[in-house]
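In the working numbering, the protein residues as written are 1165 to 1426.
Structure, as structure tokens:
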């Protein structure tokens, strides 16, 4: 099993386990105590599964996981698996659709993500670096140019991007610019690759396990992915943080950067 196939297997299997656990442990609407307990259990069980499988299939590789103790030893490794057992625990525990499972592989010698998978369990779908790349250059002018962001994003960033893209949208035939929210980074990239959205911005940043697999599949399928400054993303750092994140269709990325920097 090559690295791409392994990433897909791990993300897909973990996602199916999470769905089964949620089906066995129903949470009543508004029961935050039960939702928190389900999120914690899902994170723990999915993490244990992923770590055990990596021990079996890639025993010599290092691992960085949201749900496991970190170690500076990984900084000297050439191959580092970066995993998020449940990206979007809030959505997962409340039966909202866009939670994801992230599995990515960083190569220090190649200075790039060399494999990755983002499972969207509610849709029974996995985006991966083994897929035939999609055409991401389509202009979906039957809908507004769509920005997707986290509920945590600053209102100023959203307004700057929305205002800065208004002329671009009009010039290219879009009926305006709109904004949608989604809690999971993998879920946001899923919305762009599926044709629902066009650009995702995070000015507040997050951890590498949030960004690595979404970046891997986004880049593989032809999206342009950088920090909002235009600098490339880098991984296996200490602390393991991504300062900002901008993923967009190639024809939109430069305009989005300009809007944010203005």
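Where a beta carbon is used, it is the ideal one built from N, C-alpha and C, also for glycine.
Everything numeric in this text was worked out from a predicted model, so none of it was measured.
Rounded separation between residue i and residue j - CA only
i: residue 1300; j: residue 1307; result: 16 Å
i: residue 1350; j: residue 1378; result: 5 Å
i: residue 1168; j: residue 1246; result: 14 Å
i: residue 1221; j: residue 1354; result: 27 Å
i: residue 1341; j: residue 1389; result: 20 Å
i: residue 1321; j: residue 1288; result: 33 Å
i: residue 1269; j: residue 1402; result: 17 Å
i: residue 1265; j: residue 1240; result: 26 Å
i: residue 1396; j: residue 1192; result: 43 Å
i: residue 1400; j: residue 1238; result: 8 Å
i: residue 1392; j: residue 1216; result: 36 Å
i: residue 1325; j: residue 1426; result: 9 Å
i: residue 1318; j: residue 1352; result: 17 Å
i: residue 1185; j: residue 1244; result: 28 Å
i: residue 1423; j: residue 1387; result: 18 Å
i: residue 1419; j: residue 1332; result: 8 Å
Residue i classed as buried or exposed, judged by whether at least 16 other C-beta atoms fall within 10 angstroms
i: residue 1310; result: buried
i: residue 1189; result: exposed
i: residue 1194; result: exposed
Minimum C-alpha distance to residue i - residue among the options
i: residue 1366; options: 1410, 1352, 1380, 1234; result: 1410
i: residue 1174; options: 1243, 1370, 1196, 1291; result: 1291
i: residue 1336; options: 1233, 1215, 1372, 1416; result: 1416
i: residue 1408; options: 1387, 1385, 1370; result: 1370
i: residue 1315; options: 1329, 1302, 1345; result: 1345
i: residue 1304; options: 1357, 1275, 1348; result: 1357
i: residue 1206; options: 1375, 1248, 1279, 1325; result: 1248
i: residue 1338; options: 1302, 1324, 1380, 1262; result: 1302
i: residue 1435; options: 1196, 1208, 1298, 1412; result: No statement about residue 1435 is possible, as the shown extent of the chain runs from 1165 to 1426 and does not include it.
i: residue 1251; options: 1413, 1372, 1387, 1394; result: 1372
i: residue 1176; options: 1267, 1278, 1277, 1273; result: 1267
i: residue 1242; options: 1213, 1253, 1228, 1273; result: 1273
i: residue 1360; options: 1405, 1330, 1230, 1312; result: 1312
i: residue 1212; options: 1224, 1230, 1276; result: 1230
Per DSSP, cross-strand counterpart(s) of residue i
i: residue 1366; result: 1409
i: residue 1353; result: Residue 1353 pairs with nothing; no bridge assigned.
i: residue 1390; result: 1410
i: residue 1251; result: 1264
Short CB-CB distance (under 9 Å) between residue i and chain C
i: residue 1315; result: No chain C appears in the structure shown, which is made up of a single protein chain.
Quick test of the definition: if touching needs 3 or more C-beta pairs under 8 Å, does the stretch 1245 to 1262 touch the stretch 1193 to 1211? Taking 8 Å as the limit for Cβ pairs, the verdict is that the stretch 1193 to 1211 does touch the stretch 1245 to 1262.
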